[in-house]
Each structure stands twice: as C-alpha cells, then as structure tokens.
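From first to last, the protein sequence lines are chains B, L, R and G. This note's numbering puts the first residue of the first sequence at 1, with every later residue one more than the last. This note's numbering puts the first residue of the second sequence at 1, with every later residue one more than the last. This note's numbering puts the first residue of the third sequence at 1, with every later residue one more than the last. This note's numbering puts the first residue of the fourth sequence at 1, with every later residue one more than the last. Cβ atoms here follow ideal geometry from the backbone N, Cα and C, with glycine treated the same way. Remarks on the structure that follows.
Protein chains: 4
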Amino acid sequence: MLDLVIENGVVVTAAGASPADVGIKDGRIVQLGGDMGDAERIIDAQGNYVIPGGVDVHTHLDAPGNGHSSADDFLSGTIAAACGGTTTIVDFCQQARGQSLHEALDVWHAKARDKAVIDYGFHIIVVDFTPGVEAELIELPDEGVSSFKLFLAYKGAQMVDDRTVVRTLHQARRSGALVMVHAENGDAADFLVEQNLAAGNTAPIYHALSRPPLVEAEATNRAIVLAELAGAPIYIVHLTTRGSLDAVIAGRLRGVDVSAETCTHYLYSTQDDLGRENFEGAKWVFTPPARTVDDQALLWDALAFGTLQAVSSDHGSWSFGEHRQRGRNNFAEIPNGAVGIEERMMMVYQAVNQGRFSVSRFVDLVSTTPARLFGLYPQKGSIAVGSDADLVIWDPEAKTTITQSMLHHGGDYSLYEGQKVRGLPTTVVSRGEVIVEDRVFVGMAGRGRFIKRKRFDRGRL
Amino acid sequence: MLDLVIENGVVVTAAGASPADVGIKDGRIVQLGGDMGDAERIIDAQGNYVIPGGVDVHTHLDAPGNGHSSADDFLSGTIAAACGGTTTIVDFCQQARGQSLHEALDVWHAKARDKAVIDYGFHIIVVDFTPGVEAELIELPDEGVSSFKLFLAYKGAQMVDDRTVVRTLHQARRSGALVMVHAENGDAADFLVEQNLAAGNTAPIYHALSRPPLVEAEATNRAIVLAELAGAPIYIVHLTTRGSLDAVIAGRLRGVDVSAETCTHYLYSTQDDLGRENFEGAKWVFTPPARTVDDQALLWDALAFGTLQAVSSDHGSWSFGEHRQRGRNNFAEIPNGAVGIEERMMMVYQAVNQGRFSVSRFVDLVSTTPARLFGLYPQKGSIAVGSDADLVIWDPEAKTTITQSMLHHGGDYSLYEGQKVRGLPTTVVSRGEVIVEDRVFVGMAGRGRFIKRKRFDRGRL
Amino acid sequence: MLDLVIENGVVVTAAGASPADVGIKDGRIVQLGGDMGDAERIIDAQGNYVIPGGVDVHTHLDAPGNGHSSADDFLSGTIAAACGGTTTIVDFCQQARGQSLHEALDVWHAKARDKAVIDYGFHIIVVDFTPGVEAELIELPDEGVSSFKLFLAYKGAQMVDDRTVVRTLHQARRSGALVMVHAENGDAADFLVEQNLAAGNTAPIYHALSRPPLVEAEATNRAIVLAELAGAPIYIVHLTTRGSLDAVIAGRLRGVDVSAETCTHYLYSTQDDLGRENFEGAKWVFTPPARTVDDQALLWDALAFGTLQAVSSDHGSWSFGEHRQRGRNNFAEIPNGAVGIEERMMMVYQAVNQGRFSVSRFVDLVSTTPARLFGLYPQKGSIAVGSDADLVIWDPEAKTTITQSMLHHGGDYSLYEGQKVRGLPTTVVSRGEVIVEDRVFVGMAGRGRFIKRKRFDRGRL
Amino acid sequence: MLDLVIENGVVVTAAGASPADVGIKDGRIVQLGGDMGDAERIIDAQGNYVIPGGVDVHTHLDAPGNGHSSADDFLSGTIAAACGGTTTIVDFCQQARGQSLHEALDVWHAKARDKAVIDYGFHIIVVDFTPGVEAELIELPDEGVSSFKLFLAYKGAQMVDDRTVVRTLHQARRSGALVMVHAENGDAADFLVEQNLAAGNTAPIYHALSRPPLVEAEATNRAIVLAELAGAPIYIVHLTTRGSLDAVIAGRLRGVDVSAETCTHYLYSTQDDLGRENFEGAKWVFTPPARTVDDQALLWDALAFGTLQAVSSDHGSWSFGEHRQRGRNNFAEIPNGAVGIEERMMMVYQAVNQGRFSVSRFVDLVSTTPARLFGLYPQKGSIAVGSDADLVIWDPEAKTTITQSMLHHGGDYSLYEGQKVRGLPTTVVSRGEVIVEDRVFVGMAGRGRFIKRKRFDRGRL
C-alpha cells in the first residue's frame, strides 16, 4: 500500500508538464500514472501543478559576520525555505583562518543538526589555503562535499589571490568538485570604497557606486580564465550584469564548462533602491549590488534562453533594526546580504504569468538544474520513479501580497514587501512527509538530513 | 489490461534518467513505475535505456530538384528514420511558383499518405510571396502547420528578398508560427561560384570554397535582425560556424527569441572531405558546406552547454552513382544534400560515450527540444503519462560499424561509412506499436499519421 | 619673390603643431620657416593656427530629389564651404536609370563648372548596374573618379542588391577605387515605415523610429562582409551607432580594409530633436537619423582614438519653409538631408576646446585623412612643400553664436542655430588665392577646378 | 648661415610625404623648402626619404637580472639604436625594494650619463608601493618622468597587486602621467610553470606553453578595467595576441584612453621558434612569448589600421653563450628578453615594401606617435620647423642580409639572422649632428642628453 498519493495534478518536470497521479512509498516516488491501489493518504491536487521541491544552492544560514551571527539559524531558515517550496538547500560552510576544512565542516554540521527541517548539503568556503587544506580538497568529495567556494573580494577576510584560485581549481579538477566563485575585484572595490568615504559619501547608495558592474565583470572573466588554464569547470554565483554574462559566454565559446546563477533580488531591485530615504536603502545592501532595469531584462532573457542555469536566494539575513544600523554613518559597515529564501520560488514564478518562460523552465531553474550541477540529482530536483518524494503542490491561481508578517525567516523585513504575486506553494512534501499544509509549517525541527552529494561530471548531468 | 509494458529499463528524459517500468495502452504511456498488472506484451529492457522516440524536424523526403526527385520517398525515408530511432519527422513542403500554400500542402500530403511509417508534420517553404500567400500564413497554424521556412540563398529558385523575410516574420508573429531560415547570402555565394567557375575551378571542393563561413554568418545575423524588427521568434537551421553562433548569441542578448540547430554531418565532416579523390568529395556536397575541426568542437560544446538546441539530419538524399554525377564537370550542378536520417541519433549518441554530455542531454537534443519548439510536445518527445508511446529501447553497449548495406534510405552511400559506433536503437515503438524489433523494421507502410502541430509560445514550451 | 607669406602662425598638420611661417608661390606651398625674402603679400597670423583647408568628401550639391533640386547649387554650396574653412569637396554624381556613368558625370561637370568657388571631385553613385556600367567602373579611376557609392536603402530609387554590391566591389578592387556604402537595410526600413504609416504615425519622429540602429548596423556588417569576399577596401559613410562601429572593428580584425566617417550632425543632435514641436522636428530628418547622447559620446571617442577616420557634412539642403513642408502629413515624404557644409569644421573644433582631442587630430579628421583616403593627398589636406596652398587661418579665440543669417548656404535654417562656438576660420586661401578674408567671401564664381583623384592604395596613404 | 642642409630628399612625416629640402641650425630644423642660402654642410638625399629619427619607448639597457647586468650598457645600446635609425629612447628605471623612486632615478642617470650617444628619457618601474612612493608619483612628472610602469607578472620580483595598480593609476591621473602595464597574470603563469617543471618539461618551448595567450589577455583586460575605475589613461606594452587586442578595443568603446604597442619580434617570430633544436629556442625566450602566424597578421593589420599605436623593441639583451645557458635544464631560469634595438626600424619598414602600410604610417609607428604619447613631441618625432634636428636619411633601395656581425649591440645573436631586408638608414643626424654616416657610427660617447618629457594630455597630443 502506498503511503501517499497526490492525484489529479499536472506533474511538471524540467522536461515538460503532463497530468499524472504520483504514488509515494518509504519517502520515494514509486509510481506515476496508472492504478495506485490503496494509499494511507490521498491529496487531491486538482487545478494545481505538482513540482519537484525547490533546490536552493546558495544560502548562508547561521553565518558569521563581524562577531555577530546572521538573523537565521538552520531552524528559522529552513522553515522559511520549506514554506517557500524549497526542500533542499546547499549552505556555505566557511573555513576560519587557521582551521582545517574538516574542522569547519564539523562546526557547520553542528549548526544544522537538530535544527534543519529539510535536507541540506554544504559547500566549503576556502579562506586559508595551506598545504593541508590543499590536500583536504582531494578528500572532501568522498565525503559528499563536492563543491568549493572562493571569494575574489573582501580583502583581509575571505578574499584569496589568483594563485589560490588556480590551485583550488586544479584540485577540484582532480577530485571531481565544482568551484564556485564570488566574482568581484576586491582591490578595485576597496579603492572605490576608500575614495567614497574620503569624499564623505557614506550613504547606502555608495555601496552600489563602489561596486560598479566592471568590478564584477573583470573578476568573472578572470575566474573563468583561471578555470580554463586549470582545465576545471566553474560556477559563477550571483551574476548580475552584462559584462559578466559576456565573460560566461566567451568562456563557453572557448570550451570552458561554465555555469552561472543569478539571484532573486537582481530580478526585482535596482541601484535606485539603495537610494531610498530614511536609511531604508540599507535593506538593499547586498553584494554585488542591484543594477538597472536593463540588467533585469537581460537576466530574465538569459534565464529564458538557457544562458543562465539557476536562480538562488543567496539568503543571508541581517536585520534592519539592529544589524544594518551599524552602518548608519558608513555604508561599508552595513553587513551585506539579501533575504529571500522563502520568496525565491514565488518571485521567479511570476515570469511564468508574464509569459517569459514556461512552468517547466521555472522548475528547471529553481530545482532541477541546481540539483544536477551540485550532485543531488536524481535524488532531488526530479519527479521520477525512484527520486525522493520532495514535492510541492503549486497553486497557479493562489494570490497574495508579500509582507514580512507572513514570512518565516529571522529577519525583520522583506525586499518584496507589498509585491502582489500569483502562484504559490500550498503543500510541501519532504521525503514523503507533508511538512507544509495549506501554507502552514507542520514539520519537526531536526528532521532534515545531510545529503552527500555526488561529484560534478558533465557527462552524467 | 495494458497493451505493452517495457520493464527493467532506465527511463531517460530531457530532465534526467531513472530506472522505471513503462506501461502503455491505446498508443499512449499510462503508467511509470508501480505494479503494472497484466499486459498483452512485456519487453524486458534490462541494461538498456528507454528513451522518447527521436524527433527530426529537418528532412527533405521526396524532394524536387532540377527535374528529379530525391532518392527517398516517404516510405524508404521513414523506414530509415524508424530504424535509426526516429519516430516523428517534420518535413519541408515547398511552394512552387504560382502555387498557393494550400496547393503545395496538398501535394505533400499526397506524397506522405500511404507511405509514411512514422508520424509526420510539415513546415511550409515560402517561395512566391504574393498577397494571397501572405494571407494564407495567418491561416496555416490553425491547420497544424505552425512553421514557415525561408531561404536567403539560391537566387532564382527558393531565395527571397529581405522584404519577404520581414513580412513573413510579421505574419508569423501574428499567427503564432515559428520562422525557420536557411541563412546564406545567396548573392555572395553566387558571386564566388561565378568567380570559381570562371577560373576553371570545377571540382567539388569549390562548393565549399564558394560558401565560406562569412556567407553564412552574414545571413544569420541579418535574419535575426529582421526577426527582432518584426518582433518575432526565429529558428536558424543547419548552423555550422562561429560567426553564426555569435549572431545567435548576440540576438539573444538583445532579447530576440532565437533557437538554432546544427546537423549531424557538421559534427563529423570537414571541408577536407570535399577534396576526396575520384570525385568522392561530391558525396559531401551539402549546404552550408562542412567546415573545420575547430568548428566541430565549437558545435559539440554549444550542444553541451545549451547554446544550440537541436541536431537535425537535413536528410536530402541524392545518389552518388547517378544524381551527383551531373556535376562531374561543374560543382554547381551537383545536387545539394546530406544523407543521415537513420544515422543521426547514433552519431550524436557517441558524444555520450565521450563524456561530452549526458544521455539526458542527448535525448533533449534529438527529441525533446525539437518537439517543444515545433509544437509537438508533450505528445511527442516525452516519456510522461499521457504522451504518445513513441519509445526507443537504446542499447548503450551494442556496437556496429556503419556501412551503407545496413541502412534503409534510398541513396547509395553513407557519409559515415566505416565509423564504429557504440549505442544503438534496438526496438522502436510508435504509438504503442513495435515497428522495429531487434533492429529489423516490422511496421506497415502508411501507418504514420499527419500531426497537427501547436503554435510556438515561449511561455508554454 | 613669393606671392604670399603667412607669418607668425602655428602651423598645424595631422602630425602635430609648430610655429612656422608659410611661403606660397604659384598656388603652392614652397617654403616653411626660414627667411622668406620678399613677398607680394604678407598675412600676419599671430595667435592663430594655420591649418590645411578642410576636405569634405560627402556633399550633395544641386542634388535631385522628387523632381526638385536641393537648396544649394555649386555656387552657394561652395561659398558656404569656403566660409566654413573647407577648400575641397568631393560631391556625389548620381547615375540616373538608363544612363551611362559617363553621361552622369557630364551632367555633374556641367553643374559645377562656372559655379564652384573651391576645388572639387566627384564620386559616382551607381544605381543601374548594367554590363556597360560594370565596364565603365574599370575606366573611371583613370579619369580621376576613383570612388563609387552604393546605397543599400531606398528601394525603387538608389537601392541596389547584394549582387551589385559585391560585383561593384570586385570591379573597384581591380581598378583601384574605393567603394562607399550607405548602409541601411532598405527593406527593413520600408517595412517599419509602412507599419508606422498604417498605424497613423505620420510625424517626423517616426522617421527615426522607422530606421532604428539595427537597420544601420545590419547593413554595415553586410557591406563589410561583401567587401571581404570581394577582397576590396570599403568606406562606410555616415556611421552613427554602436552596432555599426562593432561591424567596422570586427571587419578590421578579420583584415578587411574598412574606413568610416561620421557626420557633424550625429555629434550634436539626438532622436529627440525629431520630436520638436510645430513640425520643427522635420529639420532633423536626415538618414540615418540622429541617435542618443550615448552614441554621441561613442562617436567622439571613436574620433579621438582613431576608430573613425573622418567627419563629413553629408550636406544636402532642403528648405524647411518649402521642401520639408511636403511631409507635413507623412514623414516619409520629407526630403532627407542635413545642412552643415559651413558649420562642419567649427562644430568639430569644439572638441578641441573640450580637450577631447588635439588641434592636430582635428586637422586629421576634417582634412588630411579624407584627402588621403580619396586620392587628394598631398595635393590637398597638407601643409607641406609642394602641396596646394589651400590654407585656413583659424582663430582659436574667435567666438560667435551660430545663426542662419550668418551662413551662406541656400537653405533656410541651421541645425546649430543658437550654438555658441569658439574657434573660427577667419581667412581662407585656395591655391594661393585669398577667397575669404575676415570671414567675408571675396572669391570668384567658377574659380574652382575639378581634381582628378588618385587611386586608393593602402600602401601609399 | 645654416649648419646643415639635407637636400633633394622626400620628407616623410606621420602626415604624409613630399619632396623638400631641410635646413638645420643650432640643432634644430629651421626651414623646409625654399632657398636655403649658404650652409656649412649639404647632404644630398636624392632618391632617399628623410624621416624623423626613431623613438623607441621601450628599452632595457644596463638592466639588472638575477645578479647580472644585461649585455648592453647605455653606450653599446644607444650606438646600436643610432645605427638602426633611432635617435631617442625612453628606458626603464627600476625601483629596488626599499628604495625611493628618486634614488632609483639617480642610479639610472648615472648609468646613462657619459655613455648615451642619443637622447633619452626614463620611465619609472614601481615595485615597492610605499606611502612615500605614492607621494613621489605626484612629483615625478615635474621632473620630466611622466610615465610609470607596472608589472602584473613575476611574483616576488616586479609583480604588484591590483591595489597598487589602481592607486598608481589614480596618482597618475592626478599628476598627468601615463601608466604602462606589463599585462600577464603572474599567478597563472607561475602555476603553469610549476605544472610543467613538475612534469619534467624543462625545454625552452615550455616558456611559451606556460604563458599562453589567455594569461596575457586576462591581465590586459584587468589593467584596462582598473584604469577605467581610476579615470586614468593607460598604455599596454608588448601586446601580442587577439584577446589582448579585444580588451584594448573594448576599453576604447567604453571611453577608456587606451594606447598599445607591439614589439618587433612579435611580428617576425612564432612559438615554433622556441622549439628550435640544440637549445637555440632559448634565444626566443622573451615575455610574453611569440605566438602564431595568425597573430602576426593580426598585429600587422592593427598597425595598419591604427588599432595599435607603436612598435617598440623591448630591447633587453641576454647573451646566448653565457646568460641563457643558465636555463639549460630549466626554461624558467633563462633570462627573458629580446634583442632588436637596432633591427626595429628596418624590420618594421619591410611592411612598406609589402604594401601593408605607407612610409608615412611607418614613421608614425616608430617615431611620431611614441613621441606624442610620451611627451617628447614636437621636440622629437617630427620634421617641422622648430623640432630637434633628429633625422634619418633612409634609402628605400638599400639592401642587406641581417647578421649578428653587422650589428652593434652587446649580445651575441640576432633574432633576425639571415633575413633579407630592403630599406635602410644610411645617415643619422641627432640634434643637427651627423652621428651615423654611410651606416658607420661616428658620434661621441656621452653626447646624448636626458630629455624632460611633458605630461600626457589627450587634448594636446
């Protein structure tokens, strides 16, 4: 007897959409269509899409910053994710200076255990590139950590030099890992920050003006060149602008295996938001900064035509009331980060209403391709026989107006406050268990599991 | 009771691959996984992939040319297609001068009826752009003909001027059709042909030298610009070279909805093949001509990274022994065309063996995306509940050496003669009926049906 | 004894600027610096630049259009040119349908003779490409007509097809001529004109909206590709926009010998000018249309960095009071053309005041390089021993506000009305004869001579 | 009475070529054309060009390297320059760690004084960017040192980080200096060197394979981006390849004032030269390495069409017999550098014979534009009244075969050994003094003077 049947819905995968019932047993999908026989529970999805649970491969929960922790731990953060339709996250574990990568992972495992309500994996952020760390990079994919993150910005903190980049890529190539790069030229940004502060330009808008598009485009190009020289694939995080997209395309034309994501907030905000009155602009201090409406159009097109592969949240929540106030007199002291782990899927879905791309492409961008690139597929990101029963019943006609009070993250505002949306997740299933019902979270803390991810292999994606 | 169950195979879709049984009834897929109950017939696909039947959207069967017909009619051509794993083709119906589009379609319906062994649709080639034709373009999508083809080459025959191009695009936008363009600058090619003939350069290699990459790249750019000005989507057929790919990418960056295919033969041959001795080079006279090994690598990468959408055969068979001999003393009189309707899928599949891309991407390129772009999805190109049971059992370990005698087309040679391949279609099912069994065609002439295709709509792909 | 000495000025050439006296005899420069001995006349140029007379290679004097002639004949037009500092023009002789090129040239010789007050040459516009015309193209350079002009726009009038373009380029290569191309896709522009008129959009602004940047960029790329295939050099007239500049640069990177000019009005007007009230926008109806301030910046930079070679006037004057009123109810009936033969040099010079480029580069752009490209150098465009004494005393401190009443052309308005300028030609010398003195024309009608121009040869420029 | 008259020659400047006599007094040109009166000396230049003396803005004389000095001091190096037609060099003064820039300049003044036979200036190489150095950068242009050089390669030696680059550019903008960049990604090159050495690849060819085109292109792009962010002009030294040229062009299209040179050896050698037998390849170890014949064609075109501004020698001579032998077992220990201070002009001139560009463009590339960009004009690089009488009589018909024994530099081989050339400098005049006569050096050691160079100012070039 099946544990759960979702009937009468339209099953949507990255490949297309067709009406079919879904049969679930022992946490997995076991049957599509046909006679389901008896079932413990039947959910009627009439008039709804049934989609794979979202996969958000760029989150920063319980993240350190200037001696504080971000507003979300793995409990509030994953509840918010689940309520937004996301059933798997890959979060960033950050090495501290002097620490081994395994020590860092231990810290992050402890942060997530007993708290996470959905499944999760970790990328490792390499900060301190010692010979020991270099050796660990070879081992980590065996342990299910098959992606490494590098920052080209934030000198004195996460920033690494090109030698570290190229050597990390070299190790990743050897071990089957995918290197992710935060691509901004840190020295250039620091120069502009100093120039602005020296000129008395302290308001949030100068955050954006100190990190113009070229700062990102240059670093994107450099990272891709280093990947090519190392013979390694590469993944560009939070791409925002034309110059970076040009670098991605140019890399592919030279044969480099480059993937790239953008984030929700680049699709909905612009540099002008940083200029909002009463220090409100500080809410939009994230990195890279928001760009222009032309860039938004470019990103939407790139998502539609397959030039970009994914939309992540880059969720790193710092409250306005407390955290961001530190930068009242100096934009450089505002902690960087965007909220959006819950809003991500509903905001991206609006493009389907607008005819920019299909519901199938939506699924591909927020679930399937991120799962494939980061070694989670077909366990995650899929509605197929044998896949984990991570499913979302998505009501294309449900409407709401986004407001902070309806959200579940630990911060105190939404970047999308007041936006009217149509198309919402109503029921969320994780490994066969209903954890969100009628938009109410009904799961248990700590039920999420660490997922050992597979190696990156273009020939098996 | 099910009509047919294919069990123990690995079901591959454009979204991924998972082991699952497939249940079929009344020509459709009705169940994936689970208890299948009884079935009229069970096929064991252990150790095999089960993939959607191939969709070849670029074939020229029973095509006219200099008073002759090509070597394949809809019987031999579709048998060859089926034996290669293709279960749907979209063939080109060509308007004759003075003829209405409906009259042309009547001719093509007659050619296919009673002969085709697999399902088929028609694109319409617009040659004579009268006001009446302009009006017909609005009507055709209602009749399931939702794509129009234009040639920018072959002056005096199919070539149309830019006015026709932009107005056809305008009508296509209004009626929801997709315009396909053969992009070569006909005047430029004719100039080079004349120069070469005047210089006594009559050998087949001069076919390639008279149609250098720029001839194609210029026309590709022009077509895309005209699509942009008309606000219409566009599909570039048989793209072969860097300059054309640049134009496609540039168009997308400007927001134009451009899709593009390459063809099998551009992945396996080069200009040098036209220089083969004893007039053998004439076998490689197709248009655009084969390019270089660098172009091959570029095309493979573009297929892997999603820059190109599909691989078609452009099957237009002219025999070496008879048809091509006409051009013994003048390359310009060799009828243009490539064979490959049967070889297409097996040749593209070799990339999976080489690790260039996955079996899932293979399915996407030869079946799913062509079906989506040309309004056949989810009826075709899909393994999902409700889709037509057009399926191929693909044995990834089966090996053969391609040779003309094993092929089923009406021509007298293969461009891939002697190539060793691994991975072959062994059983082919069309609408639930096994038409190829153990690589032997067992179907009936005329069983294929005309498929009314849906309109092109990016928001529903 | 010298006929004329200009002393105490700063002699400016394309290579630089140095104080030097200039000695003239028999219409030629015979001495720079040193003891000049006696002279018939001495002009003190203290505080002034002494520059080569301007060379304007793009003028349409006494031009036909819809059964009218433009507002300037060779008398008023060349007086205006002279007063603006220009001492040589190359005007466009346009073939009529059915006419031989020699017959066309006879007509233009007759128009200029007895009227022109400065020296002049002719380009030939090929409209009707018969075998006879094709043969004439080989002969014309011997007669001093070493440049051919083709239009890719204006179907039914000047527009030619790509066959004509490539064959004309082929002949030009053989005979040592330079082909100039008006690069706009005529069919695309006509389509947009029709769409606009059908929608009731009849105001002048729709002239611009019917000829968007892509219409130009596409044709520019196409022309350069055809030049490459023909192995011929090419000159793009009135380039206005980024896409065209990209095509020029791409051509050069492929090794094509591409030169390009922009025109004065693209540096000072924008599309918004076509929207001026009370039909005033009609004054800005010229082709291609004015673009944006970003394009202006791009063009200025391209002039500064050597990406563009020249600034011409494209002077074709149609009065506002009479000619342009024909298009009151239909922008497509407004005769196209810009005034500016007199304003050209002073408007370009303003960039020197702004520090965009040096006075030497100014001379290069308005005199030396046009002279070199079109076979006039070193007779024209040069201050060197042996060159024609075509000189301008340019007062860098003289100021004026441009107004129609101070100008000498036959039209009834200036595009630069009200613009304040600093830096003016005060004295103009043509072949040693002072023809403008204190900004007053003092020359004789008909004193100008036809100049037989040399062939184009990159190795001798 | 004039000191010297050069009569009957064809005077060539960057603006063109015309027959004229040249009159010289007190080291300066005082008269062109006209009656010269008496003269101390008259040289008949019948049948010859009279060109401005060459200006080589990229030389490394008496340069340090691994505890040795290069094979040329300022005596042998400037004699070689003079015999090759070069009358001014700008050499690189390199700061040592811990040294102030003024101390470094003192060292270089001492090296040149009493030795140089032609005039010279200094660029300063910034290695150790202390606050004191940052302050000195503001002062140096006042002292005639108006260009700063930075290396993006050679970590642990000259390489600086991006912070130094952007801050140096910032200071240069403030002080009117031009920053020159050696653009190679040092970390990337070091990685490839390590990989090659680890693999036992020690031969000279691995020098080239460790510094592929992307290593240069990436750094070129980065340097230009940093210049843009700092609002400063920039000069790219020894550009060799397409990717770098693309970055230069892209920068200009964004409005960055980018100039760039290539060097003689990139026009004549390829990567294959590094593979010559018997360790001969070591002679071609210079940085960036030689590329391909396609790159050569690209560079020649870029010189012809004005995309590149200059050809320098980058003369840094290390003997084959002694210095280069150090790298017998390890290519990374071969001292980098190319010989060519004497061959530069004759090798570039061969393009005139081939019709690639004119003799006037030749003068522009090897003399006038370098002089303008580096603040030497019109004192140097010019044949105009008032300019220094630095002149070369260039015999376009003189032929020779280049061989080491005819050259004057301190090294032991020529990269151009055995090349037949036509067009040679026969007489060289420096400040009115004949220092080379009939190809024999007749000047005095130490006669050269340090030239205080002017600031860079695009509006005055």
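Cutoff 8 angstroms; reference G:Lys111; Cβ partners in own chain excluding five residues on either side: Indexing the fourth sequence from 1 puts residue 111 of chain G at position 111. Excluding five sequence positions before and after G:Lys111, the CB atoms of its chain that fall closer than 8 angstroms to its own CB belong to Leu61, Asp62, Asp73 and Phe74, given in chain order.
Of the listed residues R:Ala445, R:Ala82, R:Asp142 and R:Gln350, nearest to R:Lys115 (C-alpha basis): Looking up residue 115 of chain R in the third sequence gives position 115. Of the candidates R:Ala445, R:Ala82, R:Asp142 and R:Gln350, the one whose C-alpha sits nearest the C-alpha of R:Lys115 is R:Ala445.
Neighbour list for R:Glu228 in chain L, Cβ cutoff strictly below 8 angstroms: Stepping through the third sequence from its first residue, residue 228 of chain R is reached at position 228. Here the neighbours are Leu214.
Identified DSSP bridge partners for R:Cys93: Here residue 93 of chain R corresponds to residue number 93 of the third sequence, with the count starting at 1. The partner list for R:Cys93 (beta bridge, DSSP) reads R:Ile124.
Counted within 10 angstroms of its Cβ, other Cβ atoms place B:Asn353 as buried (16 or more) or exposed: Translated into the one-based positions of the first sequence, residue 353 of chain B becomes position 353. It is exposed - the Cβ of B:Asn353 has fewer than 16 other Cβ atoms within 10 Å.
Segment contact, 8 angstroms Cβ cut-off, at least three pairs: the segment 89-97 of chain B with the segment 48-60 of chain B: yes
Where the beta strand (DSSP E) through G:Gln31 begins and ends: Residue 31 of chain G sits at position 31 when you count from the first residue of the fourth sequence. Segment Arg28 to Gly33, the beta strand (DSSP E) holding G:Gln31.
Where B:Pro52 falls, given that 16 or more other Cβ within 10 Å makes a residue buried: For the purposes of this step, residue 52 of chain B is taken as the residue at position 52 of the first sequence. B:Pro52 should be labelled buried.
6 angstroms Cβ shell around L:Arg252 - same chain, five flanking residues per side excluded: The residue given as residue 252 of chain L occupies position 252 in the second sequence. The residues are Val258.
Residue range of the beta strand (DSSP E) that includes B:Ala17: In the first sequence, the residue the question calls residue 17 of chain B occupies position 17. Start and end: Gly16 to Pro19.
Cβ contact check for the segment 223-242 of chain G and the segment 267-284 of chain G: 3 or more pairs under 8 angstroms: no
Test item: CB-CB of G:Val30 and R:Gly34 under 8 angstroms: Position 30 of the fourth sequence holds residue 30 of chain G. Position 34 of the third sequence holds residue 34 of chain R. Closer than 8 angstroms, so yes.
Residues, ordered as in the chain, of the segment 301-318 of chain L that lie near chain B by beta-carbon distance below 7 angstroms: Contact annotation: in the segment 301-318 of chain L, residues whose CB is within less than 7 angstroms of a CB in chain B are Asp301, Ala304, Phe305, Gly306 and Thr307.
Burial state of G:Glu103 (16 or more Cβ within 10 Å): Locating residue 103 of chain G in the fourth sequence gives position 103, where the first residue counts as 1. Result: exposed.
Beta-carbon separation (whole angstroms), L:Ala172 vs L:Phe148, contact threshold 8 angstroms: Mapped onto the second sequence, residue 172 of chain L falls at position 172. Mapped onto the second sequence, residue 148 of chain L falls at position 148. About 6 angstroms separates the two Cβ atoms, so the contact holds.
C-alpha gap between L:Leu424 and L:Glu280, whole angstroms: Within the second sequence, residue 424 of chain L is the residue found at index 424, counting from 1. Within the second sequence, residue 280 of chain L is the residue found at index 280, counting from 1. For L:Leu424 and L:Glu280, the distance between alpha carbons rounds to 28 angstroms.
Endpoints, the alpha helix (DSSP H) within which R:Trp300 is located: Indexing the third sequence from 1 puts residue 300 of chain R at position 300. Counting along the chain, the alpha helix (DSSP H) containing R:Trp300 begins and ends at Val293 to Phe305.
Beta bridge counterpart(s) of L:Arg41 as assigned by DSSP: Residue numbering aside, residue 41 of chain L sits at position 41 when the second sequence is read from its first letter. Paired residue(s): L:Leu4.
Interfacial residues, the segment 289-300 of chain L to chain R, with Cβ spacing under 7 angstroms: none
Length at least 4, wholly inside the segment 228-279 of chain G: the alpha helix (DSSP H) runs in chain order: 242-253 and 264-268
Counterpart residues of L:Met159 in DSSP-defined beta bridges: Taking the first residue of the second sequence as position 1, residue 159 of chain L is located at position 159. For L:Met159, which the question treats as bridged, DSSP gives the partners L:Phe151.
Start-to-end residues for the beta strand (DSSP E) that takes in L:Thr401: As a first step, residue 401 of chain L must be located in the second sequence, where it is residue number 401. Its beta strand (DSSP E) spans residues Leu391 to Thr401.
CB contact below 8 angstroms: G:Ala188 versus chain B: Reading the fourth sequence from its first residue, position 188 is the one you call residue 188 of chain G. So yes, G:Ala188 belongs to the interface.
Residue range of the beta strand (DSSP E) that includes R:Ile51: What you label residue 51 of chain R is simply residue 51 of the third sequence in a count that begins at 1. Tyr49 to Pro52 is the span of the beta strand (DSSP E), which, as asked, contains R:Ile51.
Contact under 8 angstroms by Cβ, L:Gly418 with L:Ser319: Along the second sequence, read from residue 1 onward, the residue named residue 418 of chain L stands at position 418. Along the second sequence, read from residue 1 onward, the residue named residue 319 of chain L stands at position 319. No.
Beta-carbon spacing of B:Ile79, B:Leu101 below 8 angstroms: Position 79 of the first sequence, counted from the start, is the residue given in the question as residue 79 of chain B. Position 101 of the first sequence, counted from the start, is the residue given in the question as residue 101 of chain B. Not a contact, by the Cβ cut-off of 8 angstroms.
Contacts around G:Asp314, its chain only, beta-carbon distance under 6 angstroms, and the 5 residues preceding and following it disregarded: Numbered from its first residue, the fourth sequence carries residue 314 of chain G at position 314. Excluding residues within five positions, the ones whose Cβ falls inside 6 angstroms are His58, His238, Cys263 and Ala338.
Residues from the segment 227-254 of chain G in contact with chain R, defined by Cβ distance under 9 angstroms: Under the 9 angstroms Cβ criterion, the segment 227-254 of chain G contributes Arg242, Leu245, Asp246, Ile249, Arg252, Leu253 and Arg254.
Any C-beta of chain B under 8 angstroms from that of G:Leu192: Counting from one through the fourth sequence, the residue named residue 192 of chain G turns up at place 192. True, the Cβ-Cβ gap to chain B drops below 8 angstroms.
Simplified DSSP assignment, three categories, for G:His182: Taking the first residue of the fourth sequence as position 1, residue 182 of chain G is located at position 182. Reduced to three states, the DSSP call for G:His182 is strand.
Contact with chain L by B:Thr368, beta-carbon distance below 8 angstroms: Start at 1 with the first residue of the first sequence, and residue 368 of chain B comes out as number 368. It does; some Cβ of chain L falls within 8 angstroms.
Best match in L:Ala208, L:Thr307, L:Cys83 and L:Arg431 for proximity to L:Leu407 [C-alpha to C-alpha]: Mapped onto the second sequence, residue 407 of chain L falls at position 407. Ranking L:Ala208, L:Thr307, L:Cys83 and L:Arg431 by Cα distance to L:Leu407 puts L:Cys83 first.
Per-residue burial, G:Asp44 [other beta carbons within 10 Å of its own, 16 or more giving buried]: Numbered from its first residue, the fourth sequence carries residue 44 of chain G at position 44. By the 10 Å Cβ count, G:Asp44 comes out exposed.
Close Cβ partners of L:Met472 (< 7 angstroms) along its chain, the five nearest in sequence each way excluded: Here chain L comprises residues numbered 1 to 461, so residue 472 of chain L is not present and cannot be evaluated.
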